[in-house]
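Chains as they are written, first to last, in our numbering: chain A, 915 to 1219; chain B, 37 to 362; chain C, 5 to 292.
Report on the following structure.
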Amino acid sequence: MLNLIARRLALGVLVAFTVMTLAFMLTRLSGDLAISIAGPQASQADVEIIRKAYGLDRPLYVQFFSWVGRAMIGDFGQSYFFKDSVANLIGRRLPITLTLGLVGLSLALVISIPLGILAALRENSWIDRGVTMFTMVGQAIPSFWLALILMIVLGLNLGILPISGTGTWQHFVMPGIVLAFTAIPALTRLTRSGMIDAMASDYIRTARAKGLSRARIVLKHALRNAAIPVVSIAAVQLGFMLGGSIVIETVFALHGVGYLGWESIAKNDFPVVQAVVLVLAAIYIGLTLLSDILNALLDPRLRTG
Amino acid sequence: MSALLEIEDLAVTFGSRSAAVRGASLRVEKGETHCLVGESGCGKSVTALAIMNLLARGGQRSATQMSFAGTDLLSLSDREMARLRGNRISMIFQEPMTSLNPAFTVGSQMAEVLTRHRGGSRTAALERSVELMGRVGITAPEMRLGQFPHQLSGGLRQRVMIAMALMCDPELLVADEPTTALDVTVQAQILRLLATLKRELGLAILLITHDLGIVARVADRVSVMYAGEVVERAPTAELFRSPQHPYTRGLLSCVPVPGRVRRDRPLGSIPGVVPAISPGFAGCAFRSRCSYADATCAHEIPRRSAGAARDYLCRLAPGITEPQPA
Amino acid sequence: MSEPIAIHAPLTPRVGMAGFAVGIAIVAFIVVVALVGNTFVPHDPFTQDLGNRLKPPFWMEGTQGEHLLGTDQLGRDYLARLAYGARISLLIGIMTVITSGLIGITLGVLGGFFGGRVDDAVLFAITTRLSIPVVLVALAVVGLMGSGLGLVVATLGLLLWDRFAVVARATTMQIRNLDYVNAARCAGASTAHLLIKEILPNIASHLAVVATLEMALAILLEAALSFLGLGVPPPLPSWGLMIAEGKDYMFFSPWVIMVPGVALFVLVLGINLVGDGLRNLLGAERLR
């Protein structure tokens, strides 16, 4: 298994490097950076000063490798607008995004898994259809719209939750709910189909023939097998959630990495944009690796034989 | 003397489309190896599952009588039946490769049967697992405890299934085609094992099979099943010597016997195919393929006796049908 | 990275013909609205009327009869803007799916058919694409290069091809060794012929299902981008943009965000129903 991890890790590094290249190219899309930074009012002389100051006069590949080199040791340069090192900025904001992600994922799992099990056990009943409808609705609701609705209902009308900002745990509730909603449909359906397959399997028939209690059959024997893909996909879902949290963080003014990305795009703060893309991609890569490891840990067939 | 397992007129339907079992009656005595034999699709596996109340969704069972050691199985709730399963009646299945849970060790799957029905510590249960694995011929049983099913061969897995079925000392073992998926040599070993267990433990076995060779080897008594009905019941030797039901005759004539097969004659076969039976079918299901059929065969068929502990479902009197030369 | 195939959604239970029919009805209705809706609404979606701002819709009091769904913060007729927005959503959805479909299917079929190094490269591309935070990158592109319908379509098209590639690859791999393909190969068919005549028609049904899902996703993404101000530029009434514009007034006049939001929801739901119905109809196997 160590061999497996080593290979995945190597692949991950390669992907990260590719993403770095893409991120670098991304910020160079708008053409001359110096002009963007200097702003529309600047004179030619000002632009030249800025160009030199930010090292934008060097050849492109020099800029690239210098960035890569420093990024490897965690130095993402200075933000153009925040008067702070990019690393510091991200470092401060990352815990917020991670917290949001974990809150969202936990909520999603707490809802999806029981719903999926219920739907599977009552296959084709009205409960099952209800769960399906619920997942279809969840998939169709735009997350930012749901966020606004929750703000109106929970924040304004009922007044029980703050509608923006960061600070207390209450600030994570509504964003967490909205984030959970992006993952619930897929996780519920995955749990449901996994449980249906498991319950129809021969080893469950054996478990029933052994006279085990229903609870034990469903929750131990069936779930244990059905959960394997759910767990590993949950890790990947977390990666998607973290990458997609930008919309939710922005709507709720939650000061996480996504919001930072949004702010820096608005301000043309390129080093930050590059770094945020890279960091989010790196987290996703790490999570897929984690997902593979979890898969191997949970499925004995992958571990030994 | 009342039998260990007594079933009278069992019927199993799946919705309005199919009557998998129409009238199955059988008796298994204590300590007896009883074979339920028939072609694929005749309903023998469904019968076994109906006894255990393990029918797939949509399956409905009914019977005039279905009792085990005096207890009426039909009146038991699923929870009460679960207390019998794995405990006093055990079942093993045809596909050892997929019948064990891949996520748990062999030891834990065996131990949980004992702790579920008899309580006790896990250690004690694991010890019993080792003892039984040794009894069924598994080498290095202590090592097997921590192994996962995918690490064992098909034959080994089936032995584990048998050992697991014996954890609580059941009185009856229902074995649904336990050797069909295994190599011939392994098959022989498993059959020998079952015979030994029967001898040493006084275990009654209801063995479901399509293989007459197995029947000849291990069965004390046989019930022959065709299209959802038990058409003939007899002690093994007598069945082979003088089968009464036309289907049984046909079946036996299909089996080539070394030394008796004549080169210039075709192997026996029964013309036609097994009909699909829907609920409401009346009369004998074999009549479309039977050379003795007449108009009365479309109505109620009498059960005739052919001696002590022998009967069969046919309008023909005993002795009329003669064995066909092979 | 493990194969990305497992990431994508498994089968739902039978949505049933009812669901499929409802989905088609919804989508058909919105297509009709997009095509001819604005000719039936008496107002123009862009004409401002600052004296008539934020009038409520017909079911609330204070409504102005001729504006059935009221007016927005610049006095523009809401119904007209809603109908026009249908055009935008559908256009974006379709154009994105065509673009991403072309890219993804090509990559997937090539990788699935040729295997080996080609497949390794395709898998690497897919994995890299999956690692990229899509919304952020889309925002960055639009932010750096300016808003515009064409740019949004191009960006989303270049980003949303992954599922096409995964499904095309998996299905191609499944059938590339089947007998009829081998038979054609033995008869001397060229690779191009094999790909176009034998493989593509047989994976088309699976790809149609993906197309519906991707279309729904594209519509939602465009709405999010426009909501954040980096999508379709005003005054074009993208539904996402309408929600953003209404955000400032939502506490007093909630219909301003409810109406376009419901429109988005219904459209996406309809497309998803069609997709699921297609999947059940075609008996598509689970791709694992």
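Glycine included, each C-beta is placed from N, C-alpha and C at the ideal position.
None of these values were measured; they are calculated from a predicted model.
Under 7 Å by beta carbon: chain C residues contacting residue i
i: residue 1097 of chain A; result: None at all; the shortest Cβ gap to chain C is about 12 Å.
i: residue 1053 of chain A; result: 276
i: residue 1175 of chain A; result: 140
Beta-bridge partners of residue i, as assigned by DSSP
i: residue 50 of chain B; result: B/54 and B/95
i: residue 205 of chain C; result: Paired residues: none, contrary to the question.
i: residue 176 of chain B; result: Residue 176 of chain B pairs with nothing; no bridge assigned.
i: residue 75 of chain C; result: C/81
i: residue 100 of chain C; result: Partner(s): none; residue 100 of chain C has no beta bridge.
i: residue 128 of chain B; result: B/211
i: residue 70 of chain B; result: B/242 and B/257
i: residue 59 of chain B; result: B/265
i: residue 992 of chain A; result: A/999
i: residue 341 of chain B; result: B/347
i: residue 43 of chain B; result: B/62 and B/102
i: residue 121 of chain B; result: B/125
Limits of the unbroken alpha helix (DSSP H) element including residue i
i: residue 1060 of chain A; result: 1057-1064
i: residue 940 of chain A; result: 916-941
i: residue 1036 of chain A; result: Unbroken run through residue 1036 of chain A: none, as it is neither H nor E.
i: residue 274 of chain B; result: 272-277
i: residue 2 of chain B; result: The structure shown does not extend to residue 2 of chain B, since chain B is modelled only from 37 through 362, so no value can be given for it.
i: residue 102 of chain B; result: No alpha helix (DSSP H) holds residue 102 of chain B; the beta strand (DSSP E) holding it covers 101-104.
i: residue 158 of chain B; result: 158-171
i: residue 75 of chain B; result: Note, residue 75 of chain B: premise wrong, no alpha helix (DSSP H); not H, not E.
i: residue 1091 of chain A; result: 1087-1113
i: residue 225 of chain B; result: 220-237
i: residue 83 of chain B; result: 80-88
Residue j beta carbon less than 8 Å from that of residue i
i: residue 180 of chain C; j: residue 117 of chain C; result: yes
i: residue 257 of chain B; j: residue 240 of chain B; result: no
i: residue 1022 of chain A; j: residue 1142 of chain A; result: no
i: residue 245 of chain B; j: residue 64 of chain B; result: no
i: residue 166 of chain C; j: residue 134 of chain C; result: yes
i: residue 1147 of chain A; j: residue 1034 of chain A; result: no
i: residue 49 of chain C; j: residue 81 of chain C; result: yes
i: residue 183 of chain B; j: residue 142 of chain B; result: yes
i: residue 48 of chain B; j: residue 95 of chain B; result: yes
i: residue 1045 of chain A; j: residue 1029 of chain A; result: yes
i: residue 265 of chain B; j: residue 329 of chain B; result: no
i: residue 105 of chain C; j: residue 220 of chain C; result: no
Contacts of residue i in chain A (Cβ-Cβ under 7 Å)
i: residue 135 of chain C; result: 929, 933, 1195, 1198 and 1199
i: residue 127 of chain B; result: 1123
Element boundaries [beta strand (DSSP E), containing residue i]
i: residue 290 of chain B; result: Looking at the DSSP string, residue 290 of chain B is not in any beta strand (DSSP E); the run it does join, the alpha helix (DSSP H), is 282-290.
i: residue 243 of chain B; result: 240-245
i: residue 349 of chain B; result: 347-349
Chain-ordered chain A contacts of residue i [CB-CB under 9 Å]
i: residue 268 of chain C; result: 1054, 1055, 1056 and 1059
i: residue 227 of chain C; result: 1056, 1058 and 1059
i: residue 122 of chain C; result: Here the premise fails: no neighbours, minimum Cβ distance about 17 Å.
i: residue 152 of chain B; result: 1124, 1125, 1126, 1127 and 1130
i: residue 265 of chain B; result: Going along chain A, no residue has its Cβ under 9 Å from residue 265 of chain B, so there is no contact; the nearest lies around 25 Å.
Contacts of residue i in chain A (Cβ-Cβ under 8 Å)
i: residue 258 of chain C; result: 1066
Interface partners of residue i on chain C, CB under 8 Å
i: residue 1212 of chain A; result: Going along chain C, no residue has its Cβ under 8 Å from residue 1212 of chain A, so there is no contact; the nearest lies around 13 Å.
i: residue 1062 of chain A; result: 247, 251, 254, 261 and 265
Under 8 Å by beta carbon: chain B residues contacting residue i
i: residue 1138 of chain A; result: 137, 139 and 140
i: residue 1117 of chain A; result: 134, 135, 136, 137 and 138
Closer than 8 Å to chain E by CB, residue i
i: residue 48 of chain B; result: Of the protein chains in the structure, A, B and C, none is chain E.
Cβ-based contacts, 9 Å cut-off: residues of the stretch 175-189 of chain B near chain A: 183, 184, 185, 186 and 187
Report the residues of the stretch 1002-1017 of chain A with a CB closer than 8 Å to any CB of chain C, ordered along the chain. none
In chain order, what residues of the stretch 1151-1163 of chain A put their CB closer than 7 Å to some CB of chain C? Within the stretch 1151-1163 of chain A, those residues whose Cβ lies closer than 7 Å to any Cβ of chain C are, in chain order, 1157, 1158, 1160 and 1161.
Contact set between the stretch 99-123 of chain B and chain A, restricted to residues whose Cβ is under 9 Å from the partner: Within the stretch 99-123 of chain B, the qualifying residues are 114, 115, 117, 118, 119, 120, 121, 122 and 123.
Please identify, using Cβ separations under 8 Å, the residues of the stretch 234-255 of chain C that lie next to chain A, in order along the chain. Cβ contacts with chain A: 234, 244, 247, 251, 254 and 255.
May I ask you to list, following chain order, the residues of the stretch 69-93 of chain B that have a beta carbon less than 7 Å from some beta carbon of chain A? 88 and 90
What residues in the stretch 1038-1052 of chain A have a beta carbon less than 8 Å from any beta carbon of chain C? 1038, 1042, 1043, 1046, 1049, 1050 and 1051
Along the stretch 197-213 of chain B, where does the CB come closer than 9 Å to a CB of chain A? Name the residues. 197, 200, 201, 203, 204 and 210
Proximal residues, the stretch 143-177 of chain C versus chain A, C-beta separation under 8 Å: Listed in sequence order: 143, 144, 145, 147, 148 and 149.
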